[in-house]
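Residue numbers (our numbering), protein chains in the order written: chain A, 352 to 798; chain B, 26 to 188. Just so you know, even glycine gets a beta-carbon here, dropped at the ideal spot from N, CA and C. Bear in mind the structure is a predicted one, so any value in this text is a computation, not a measurement.
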């Protein structure tokens, strides 16, 4: 595991991991990016503790004094709502000897007492008690020092999506998110009162590199070959006269359009039409949404959308609406935390349709996701194979000067690049932007 | 006269045996057509979700048809997560039958050892199940199986044969 005294990697060593020469039709990533302990240590330091990280969702902690705990890279963090309802992010470490102050994944407390030496903090992170301070024979000046929980260097709330950075030297969250704000808006505005997290925790761990999830989240190419058992189930349901139930009913990749977009800071998006939009939970609310948001935004809500907000947040809205948070644990271990989101106040039948599709498509205990994660694990094994580069980022390289579609213009966003085609195109250039940001961040401070 | 607890326990052992021997058609036949099979998600450290219409389950099948889809998928040869299928061994214990006549409510603990043949790795799933059984001739059928998984930080995946 890295520390700041570790030697790190030289600039040239990092440079050669991503061979990025689009004008020559070349984009390749070295296998060391997936398996090296040294690379992982740098990723922790320069990506997960170096840029904005997704922490969680404000609706997880709706009440005053609610909190949840998480990590930023390797660092323990607590996000709390204080007596006034204001959110704050702090290191979950007592100022005295750093024992965890908040013990639960999610909880509610006005006062947090460290179980080791009894220092206490309120829900705004202020120190409200040092056990036996008057008997402690502290040196003069101690009482005037700040003893509150150490705030995380940066913290921001964008429409319920909470971000933090252990590094103070990052751009504003507005600049970091850029056009991705439009995709968060599309989640937040599905109800005038925002969104809720459907109760029920889902956490899992796969034996593969975190970037395998980053790639797969916007990978249209894998669907028909990774999920034939799921598609087969849906076709059988349809043959037996069960209509709807899944947006993938009647899946036929040649008939669906798929477009990709890349953005600064490693973000990207994949979007397109659904085979069976009537199976979308949101469908019943569409007339009202059209009226409130206009035709163009309503159309965006009906598109399938897979979005990466680099480096650890993915949002997928197709069968249902999922938020995924990645927490890398080792080069070959990744923890995933996932949420099923619903518009606040959704009608009971729609909510139920949403939950059922979520469970069968997105859950690690469902009919589709296990086939993704096991593929990641098989890839992880393959990254041990002793050839340097794989050929996985080249579909779509031949697309030149893509048109900026009316839909993109209507959303008011300005992607760096993009492609448009059918599901069969299976564009992979969408994955270039995360890799470019990966390289950029790893090179910060490299010698 | 057969001890009803013993009889129900024998039924649960049979179910476990069908799961572990991958005799999954026989396993499916233990369920009524309208059977519910559910693995609820946890809400917090010690609370599980209880209302599947408003809350998330890890697995929720509201009919035998839905359960059978899982079996088909696992046996299809087209699910990489199911190739090769793991070896499993269910241990069912602490069987408590709260009433028996035409139906029975049964609580039991489960420990499932799973050997992942690709990773050469053993996983353990444990928890407790509640069954609603219906008397059918001289046997029972499962109307509801709710398996509460205590260790819900899932190792890559979870399927019907893990509980």
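List the residues of chain B that residue i touches, going by C-beta distances under 9 Å, in chain order.
i	result
residue 702/A	78 and 79
residue 414/A	Here the premise fails: no neighbours, minimum Cβ distance about 14 Å.
residue 728/A	143, 144 and 181
Provide the residue span of the alpha helix (DSSP H) that contains residue i, from first to last.
i	result
residue 36/B	29-45
residue 733/A	720-733
residue 651/A	646-653
residue 789/A	783-794
residue 387/A	First-last for residue 387/A: undefined, no H or E at that position.
residue 579/A	579-590
residue 93/B	89-100
residue 50/B	49-53
residue 707/A	699-712
residue 561/A	561-567
residue 364/A	362-366
Looking at residue i: is its Cβ nearer than 8 Å to the Cβ of residue j?
i	j	result
residue 179/B	residue 716/A	yes
residue 63/B	residue 84/B	yes
residue 785/A	residue 659/A	yes
residue 769/A	residue 612/A	yes
residue 176/B	residue 153/B	no
residue 662/A	residue 365/A	no
residue 101/B	residue 583/A	yes
residue 550/A	residue 80/B	yes
residue 671/A	residue 713/A	yes
residue 558/A	residue 678/A	no
residue 779/A	residue 734/A	no
residue 569/A	residue 619/A	yes
residue 790/A	residue 369/A	yes
residue 124/B	residue 130/B	yes
residue 541/A	residue 766/A	no
residue 499/A	residue 467/A	no
residue 426/A	residue 517/A	yes
residue 441/A	residue 501/A	yes
residue 408/A	residue 511/A	yes
residue 484/A	residue 465/A	no
residue 509/A	residue 537/A	no
residue 433/A	residue 424/A	no
residue 831/A	residue 406/A	The structure shown does not extend to residue 831/A, since chain A spans only 352 to 798, so no value can be given for it.
residue 739/A	residue 457/A	no
residue 633/A	residue 652/A	yes
residue 669/A	residue 726/A	no
residue 581/A	residue 718/A	yes
residue 188/B	residue 150/B	yes
Check the Cβ of residue i against every Cβ in chain A and list those closer than 7 Å, keeping chain order.
i	result
residue 74/B	550 and 551
residue 103/B	579, 580 and 583
residue 66/B	551, 552 and 553
residue 244/B	For residue 244/B there is no data in the structure shown, the boundaries of chain B being 26 and 188.
residue 69/B	457
Using a C-beta to C-beta distance shorter than 8 Å, which residues of chain B count as neighbours of residue i?
i	result
residue 584/A	94, 97 and 98
residue 718/A	94, 95 and 98
residue 699/A	78 and 79
residue 691/A	81
Could you tell me the boundaries of the beta strand (DSSP E) in which residue i lies?
i	result
residue 430/A	426-432
residue 165/B	164-174
residue 556/A	553-557
residue 473/A	471-473
residue 194/B	One cannot answer for residue 194/B here, as it falls past the ends of chain B, which runs 26 to 188.
residue 58/B	56-65
residue 157/B	146-161
Cβ closer than 8 Å: which chain A residues qualify as neighbours of residue i?
i	result
residue 180/B	555 and 556
residue 184/B	716 and 721
Whose Cβ in chain A lies nearer than 9 Å to the Cβ of residue i?
i	result
residue 85/B	706, 707, 710 and 711
Cβ-based contacts, 9 Å cut-off: residues of the stretch 703-716 of chain A near chain B:
703, 706, 707, 709, 710, 711, 714, 715 and 716
Beta carbons nearer than 9 Å to chain B: which residues of the stretch 455-480 of chain A have them?
455, 456, 457 and 458
Would you mind listing the beta strand (DSSP E) stretches within the stretch 484-548 of chain A that are 3+ residues and don't spill past its ends, in chain order?
505-509, 512-516 and 546-548
Restricting to runs no shorter than 4 residues, where is the alpha helix (DSSP H) found entirely within the stretch 732-778 of chain A?
757-762
Counting only runs of 3+ residues fully inside the stretch 600-673 of chain A, write out the beta strand (DSSP E) ranges in chain order.
608-613, 619-623, 655-660 and 664-668
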